[in-house]
Amino acid sequence: MSDNAPALPRVLIIDDSRIVRASIIKHIKGTYDFREEPDGEAGWQTLLLDPSIQVVISDISMPKLDGFELLQRIRASKVSRVQEIPVIVISGDEEDAARIRAKELGATDFINKGIGNVELLARIDALCRLAQARRELEESREALAKQATVDPGSGLATNEYLKHQGEQALALARRHNSELSVMVVEVDRFDELISRHGRQVSMLIVRKLSKILSTRVRREDTVAQQGECQFVVVSPSINLEACGAFANRLRQAIAGLAMNYRGELIHISLTVGLANSIADKTETLSDLIAVGQDRVASGRAAGGNQVVGTGGIVRSGGKSRYAVGVEQALVMLRSDAADEVRAQLPDLLRDLVPLLRLAEQEYGFGIPVAVIEARVKADAEGDASKS
């Protein structure tokens with residue numbers, strides 16, 4: 213056979229009878245590649261280790277792990293390739309109850325031990341085509357996910373986009389002697405939340421948190437969800453002090469919220485791990501995220517509901533320089549985040565003064581631009597004298 217010839221589709225045959233295995237191999241040899249195992253446990257290990265297997269043919273009565281238990285493991289697997297693989301069960305005509313149970317556990321098809329050559333090949337061919345179509349669909353979905361910038365589930369950036377944007381921002385920060393900070397935000401005791409309220413309610417809470425996060429960050433920041441209850445925020449040109457102040461405001465805001473579900477108030481808290489390109493001397497964005505995740509783990513072990521930075525727990529207090537733009541402030545107001553905007557009013561008004569002055573010149577609304585400008589200046593001077 214030529215080295216360039218395409219590989220034959222591979223079938224895994226699991227049966228404790230050497231005669232049955234030999235009979236099936238005789239039918240498929242030359243049309244399909246094959247592997248054979250004498251019991252369900254050996255078959256399971258082979259299936260896990262060999263990603264080229266496209267169809268499984270399994271007996272029911274076998275030592276160590278029978279066909280029913282093997283089916284349960286396959287359909288419960290967290291590996292999609294294993295979970296979705298077509299499984300043909302070998303059965304006799306008299307085994308109606310066994311066939312029903314195997315079907316309920318996820319068997320794809322059934323064959324009798326005396327099946328003819330043409331029928332067996334037709335069954336395997338149809339299932340190989342099905343497995344190939346599923347694999348191609350999964351690869352297509354993964355390719356689209358890598359190209360997409362927004363995760364349709366969370367409405368936040370995809371992890372691929374976060375990595376791309378973050379690496380670019382990190383390179384830019386190094387070039388201009390600037391810095392980049394990362395926040396890893398995690399919902400505390402998420403397993404307990406699921407146990408008490410169920411996964412559906414818990415995921416609704418996570419989605420609510422994702423919306424709150426997206427309205428509180430700046431336009432130049434990137435937010436993505438990693439795992440069920442963890443988020444990553446990449447913030448260019450922000451030092452650890454400002455990042456910590458923002459993280460504590462976010463933590464306190466969430467701790468003060470009570471989400472109502474069917475008459476019950478649900479409270480959650482957050483633990484935030486901070487990392488910074490200068491303070492932590494990291495080379496890549498992945499390293500920065502890993503540092504942030506380690507600090508989340510430290511905060512989690514200490515009881516949660518805290519912000520952890522390079523020097524340990526970051527206490528709240530002090531005015532943050534983590535500013536938002538006018539457009540972002542409008543989004544935050546529409547999302548009931550007036551307190552966050554109120555803290556940024558002096559900076560926002562300073563940005564708006566030129567626009568207000570132009571509006572007054574054009575329309576004569578009577579806007580007290582000079583008063584606004586004087587008040588903003590006085591507030592800025594007052595903050596400077598305190599620092």
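Quick note: the sequence shown uses the working numbering, first residue 213, plus one each step. Every residue, glycine too, gets a C-beta built ideally from N, C-alpha and C.
Around the beta-carbon of L482, 16 or more other beta-carbon atoms lie within 10 Å, marking it buried. Under the DSSP assignment, T427 falls in the alpha helix (DSSP H) whose first and last residues are R411 to R428. According to the DSSP secondary-structure assignment, K241 is paired through a beta bridge with Y244. Judged by DSSP in its simplified three-state form, Q518 adopts coil rather than helix or strand. Judged by DSSP secondary structure, D321 falls within the beta strand (DSSP E) whose first and last residues are D321 to I323. Put simply, the backbone Cα of K375 is about 15 Å away from that of G439. A direct Cα-Cα distance of roughly 34 Å separates M415 from E391. A310 is not a Cβ neighbour of I286, given a cutoff of 7 Å.
In this structure L500 is not in contact with A509, their Cβ atoms being roughly 15 Å apart against a cut-off of 8 Å.
Between the alpha carbons of S498 and E372 lies a distance of about 12 Å. The beta carbon of L405 sits closer than 6 Å to those of S414, all from its chain and outside the five residues before and after it, given in chain order. Across the structure, S229 and E316 are spaced so that their CA atoms are roughly 25 Å apart. Following the DSSP letters along the chain, one finds A491 in no alpha helix (DSSP H), marked with neither H nor E. Counted as a single uninterrupted DSSP element, the beta strand (DSSP E) harbouring F443 occupies residues Q442 to P448.
Between T434 and V446, the CB-CB gap stays under 7 Å.
Listed as beta-bridge partners of E574 by DSSP are no residues whatsoever. According to the DSSP assignment, A436 belongs to the beta strand (DSSP E) that extends over T434 to Q437. Residue environment for L382: buried (at least 16 other C-beta atoms within 10 angstroms of its C-beta). With respect to I327, I300 sits apart: the two C-beta atoms are not nearer than 7 Å. Contact annotation: S303 and F322 have beta-carbon atoms nearer than 7 Å. For the set I336, G524 and K276, the Cα lying nearest the Cα of V503 is the one of G524.
Shown here, N451 sits in coil according to DSSP, grouped into three states, outside any helix or strand. Under the DSSP definition of a beta bridge, T483 partners with E398.
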